[in-house]
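**Student:**
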Amino acid sequence: MDAEEREQRRLTARQDVARLTAEGVRAVAVSWVDNAGISRAKTVPAARLVDAAHRGIGMSPVFDVFTSDDAITTSEHIGGPDGDLRLFPDLDRLTVLAARPGWAWAPADRYDQQGRPHPACQRQFARRMAERAAGHGLELRMGFETEWTVVRDSRDSRDDGDGNDGNDNETTPRTGDFAGRGPAYGLTRVTELSAYLLALHDALDAQRVEVLQIHPEYAPGQFEVSTAPADPVRAADDLVLVRETVRAVSAAHGLRASFAPAVVAGQVGNGCHLHLSLREHGHNLHRDPTGRYGLAATADTFLGAVLDALPALCAIGAPSPASYLRLVPSHWAGVHRCWGVENREAALRLVLGEPDDPDGGHAELKPFDAAANPYLLTGAVIAAGLRGVLDGGPALPGPVTGDPAGRGDQERLPTSLSEALGHFVRDDALREALGEELWGAIVAVRRAESGALAELGPGELAEATRWRW
Ligand code: GLU
Ligand code: MG
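Heads up, the sequence shown is in my numbering, so the first residue is 114 and it goes up one at a time.
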């Protein structure tokens with residue numbers, strides 16, 4: 114980042130501060146997402162945003178090797194107490210937080226003290242991959258589905274004699290603890306939580322996050338929000354913002370939101386599916402009248418390569434040992450490495466959309482969950498797909514109909530983090546795309562988490578990770 118760019122940022126931030134002050138904002142949270150999928154933050158008084166935009170905010174590089182339980186590991190390139198990085202808030206995404214009065218938020222890019230991009234910056238990795246695709250004439254549109262589960266926050270209100278001050282959130286929620294107890298997908302659940310859901314719609318609207326739909330999901334207390342497609346970095350930013358908004362609105366309604374892959378072991382989990390489509394010269398490559406299922410050859414090959422890389426991509430998109438509590442057959446989590454047209458048990462669901470909707474066709478990748486760093490995930494999916502396009506790799510195999518569970522003709526995706534990691538470390542294309550610093554830090558964090566949580570039984574693992582993301 115050169116002096117001219119910094120000066121420009123300073124001037125823009127001055128105008129932003131004037132606007133924020135007029136809107137009553139007094140503090141700004143600047144966040145990034147670490148390799149364990151945790152959003153971490155620094156906050157500054159609103160007036161300091163000018164300085165933050167100009168010089169960045171200091172942070173330790175060691176956060177790249179934090180695990181989801183806040184332990185710290187080391188990689189070949191990263192670890193230890195030395196060094197400093199600068200967090201630069203992206204002023205284009207500066208957002209007044211509707212459900213946190215007095216606060217604004219911005220996602221950060223990370224640089225070193227000389228103004229060079231930090232090689233392990235996940236957000237810049239996602240941008241680099243989008244630019245790599247653009248270099249081949251391809252544009253990606255992406256959007257996430259966020260699933261979460263709401264539990265009544267009983268900390269202040271109840272002591273049922275279990276000896277922990279009424280804080281039942283520390284123990285496995287029981288049926289009565291979930292908010293929205295009506296049937297799966299039930300209108301009853303919307304009615305039960307209508308004020309809450311309306312506040313969520315309002316907050317996301319005020320923050321200019323385009324909501325496609327919010328609906329009750331399968332498990333008790335479970336809901337889902339899906340947002341409109343955007344460029345990959347924006348889609349990942351949206352996910353971070355959506356999650357913080359859900360958290361804030363939940364707190365204001367006496368609820369606590371869990372985004373964990375497995376809130377309760379053995380129940381349907383929280384997914385975080387990634388929807389994507391490919392465009393060339395503004396045309397959706399899922400809308401080619403000459404291709405099978407409307408897929409232009411480039412999109413067919415791109416998706417074929419993503420499907421091929423899915424076992425390795427699970428180390429990015431299902432990155433916690435707890436992710437594998439969720440990844441069980443016949444739960445709509447897409448645990449077989451196959452694809453199908455509108456097949457909700459296939460890892461890759463091809464969505465055809467309405468015939469007269471030029472934007473309708475796209476693909477959905479289902480095995481991923483909210484423990485994933487969304488910037489790593491969008492970037493890694495692009496890297497995997499592009500490899501196929503550039504190598505002239507195989508198109509998608511034949512589609513699968515029905516639930517592949519128990520049929521024995523479709524490969525199961527990894528059933529543990531260590532299995533996914535085994536695929537990941539052998540994937541040279543992902544390693545090249547990520548670069549050594551980022552790749553090494555991801556491997557170190559995954560190894561540390563596999564080790565630390567390996568001894569836990571399913572119930573303990575769900576409990577240890579329930580409130581982390
Ligand atoms: N809750 C399911 C999962 O774990 C997904 C349900 C759906 O298809 O939206 O991924
Ligand atoms: Mg869902």
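Virtual Cβ for every residue (Gly too), placed ideally from N, Cα, C.
1) With DSSP run on the structure shown, which of helix, strand or coil describes residue 234?
2) If distances are taken between C-alpha atoms only, which option among 166, 114, 115 comes closest to residue 127?
3) Tell me whether residue 124 is buried or exposed, calling it buried when 16 or more other Cβ atoms sit within 10 Å of its Cβ.
4) With hydrogens ignored, establish whether the beta-carbon of residue 513 is closer than 7 Å to any heavy atom of ligand 1.
5) Please classify residue 151: does DSSP put it in a helix, a strand, or coil?
6) Please report the distance separating the alpha-carbon of residue 277 from that of residue 577.
7) Which residues does DSSP list as the beta-bridge partners of residue 225?
8) Would you mind reading off the limits of the alpha helix (DSSP H) that contains residue 369?
9) Compute the Euclidean distance between the alpha carbons of residue 270 and residue 234, then round it to the nearest angstrom.
10) Could you give the first and the last residue of the continuous alpha helix (DSSP H) run that contains residue 451?
11) Taking just the CA atoms, how far does residue 246 sit from residue 281?
12) Based on Cα-Cα distance, which residue from 160, 406, 151, 285 lies nearest to residue 141?
13) Can you pull the DSSP bridge partners for residue 171?
14) With 16 other CB atoms within 10 Å as the buried threshold, where does residue 390 fall?
15) Taking the beta carbon of residue 443 as the centre, do at least 16 other beta carbons fall within 10 Å, making it buried, or is it exposed?
16) Can you find at least 3 beta carbon pairs, one from the region 139-154 and one from the region 204-220, that sit closer than 8 Å?
17) Could you check whether the Cβ of residue 330 sits closer than 7 Å to any heavy atom belonging to ligand 2?
18) When the Cα atoms are used, what is the spatial distance from residue 325 to residue 338?
19) Please state whether the Cβ-Cβ distance between residue 203 and residue 217 is less than 8 Å.
20) Can you list, in chain order, the residues of its chain with a C-beta nearer than 7 Å to that of residue 474? Leave out the 5 residues immediately preceding and following it.
21) Tell me which residue opens and which closes the beta strand (DSSP E) that residue 552 is part of.
22) Where does residue 454 land, buried or exposed, given buried means 16+ other C-beta within 10 angstroms?
23) List the DSSP bridge partners of residue 185.
24) Looking at C-alpha atoms only, which residue of 213, 288, 225 is the closest neighbour of residue 195?
25) As a quick exercise: from 409, 248, 461, 436, pick the residue whose alpha carbon is nearest that of residue 381.
**Tutor:** Considering the structure as presented:
1) The residue you call residue 234 lines up with position 121 of the sequence shown. Coil at residue 234, not helix or strand.
2) The residue labelled residue 127 in the question sits at position 14 within the sequence shown. Residue 127 has its Cα closest to that of 166, out of 166, 114, 115.
3) Counting from 1 along the sequence shown, the entry for residue 124 is found at position 11. Exposed.
4) If you number the sequence shown from 1, residue 513 lands on position 400. Not so, every heavy atom of ligand 1 lies at least 7 Å from the Cβ.
5) One-based indexing of the sequence shown puts residue 151 at position 38. Of the three classes helix, strand and coil, the one that applies to residue 151 here is coil, per DSSP.
6) In the sequence shown, the residue the question calls residue 277 occupies position 164. In the sequence shown, the residue the question calls residue 577 occupies position 464. The pLDDT assigned to residue 277 is 44, lower than 50, so where the model puts this residue is not dependable, and the model offers no usable value.
7) The residue labelled residue 225 in the question sits at position 112 within the sequence shown. Bridge partners of residue 225: 198.
8) Position 256 of the sequence shown, counting from 1, holds the residue named residue 369. Careful: residue 369 lies outside any alpha helix (DSSP H), inside the beta strand (DSSP E) at 368-371.
9) The residue labelled residue 270 in the question sits at position 157 within the sequence shown. The residue labelled residue 234 in the question sits at position 121 within the sequence shown. Confidence at residue 270 is low in this model, with a pLDDT of 46, below 50, so its placement is unreliable and the value that follows should be read with caution. Whole-angstrom Cα-Cα distance: 42 Å.
10) Taking the first residue of the sequence shown as 1, we reach residue 451 at position 338. Element bounds for residue 451: not the alpha helix (DSSP H) but the beta strand (DSSP E), 449-454.
11) Taking the sequence shown and counting its residues from 1, one reaches residue 281 at position 168. Taking the sequence shown and counting its residues from 1, one reaches residue 246 at position 133. Bear in mind that a pLDDT of 48 at residue 281, under 50, signals an unreliable position, so the number given afterwards is only what the model happens to contain. Each residue's alpha carbon lies about 48 Å from the other.
12) The residue you call residue 141 lines up with position 28 of the sequence shown. Among 160, 406, 151, 285, the Cα nearest to that of residue 141 belongs to 160.
13) The residue labelled residue 171 in the question sits at position 58 within the sequence shown. Partner(s): 199.
14) For the purposes of this step, residue 390 is identified with residue 277 of the sequence shown, where counting begins at 1. Buried: at least 16 other Cβ atoms inside 10 Å.
15) Here the question's residue 443 lines up with position 330 in the sequence shown. Its Cβ having fewer than 16 others within 10 Å, residue 443 is exposed.
16) yes
17) Taking the first residue of the sequence shown as 1, we reach residue 330 at position 217. Indeed, a heavy atom of ligand 2 lies less than 7 Å from the Cβ.
18) Stepping through the sequence shown from its first residue, residue 325 is reached at position 212. Stepping through the sequence shown from its first residue, residue 338 is reached at position 225. Their Cα atoms are separated by approximately 8 Å.
19) Along the sequence shown, one-based indexing puts residue 203 at 90. Along the sequence shown, one-based indexing puts residue 217 at 104. Cβ distance not < 8 Å, so residue 203 and residue 217 don't count as in contact.
20) Looking up residue 474 in the sequence shown gives position 361. 390, 397, 399, 400, 407, 464, 465, 466, listed in sequence order.
21) Counted from its first residue, the sequence shown places residue 552 at position 439. No beta strand (DSSP E) holds residue 552; the alpha helix (DSSP H) holding it covers 549-566.
22) Here residue 454 refers to the residue found at position 341 when the sequence shown is read from its first residue. Flag for residue 454 reads exposed.
23) For the purposes of this step, residue 185 is identified with residue 72 of the sequence shown, where counting begins at 1. According to DSSP, which records beta bridges pairwise, residue 185 is partnered with 179.
24) Residue 195 sits at position 82 when you count from the first residue of the sequence shown. Of the listed residues, the one whose Cα sits closest to residue 195 is 225.
25) For the purposes of this step, residue 381 is taken as residue 268 along the sequence shown, with counting starting at 1. For residue 381, the nearest C-alpha among the options comes from 436.
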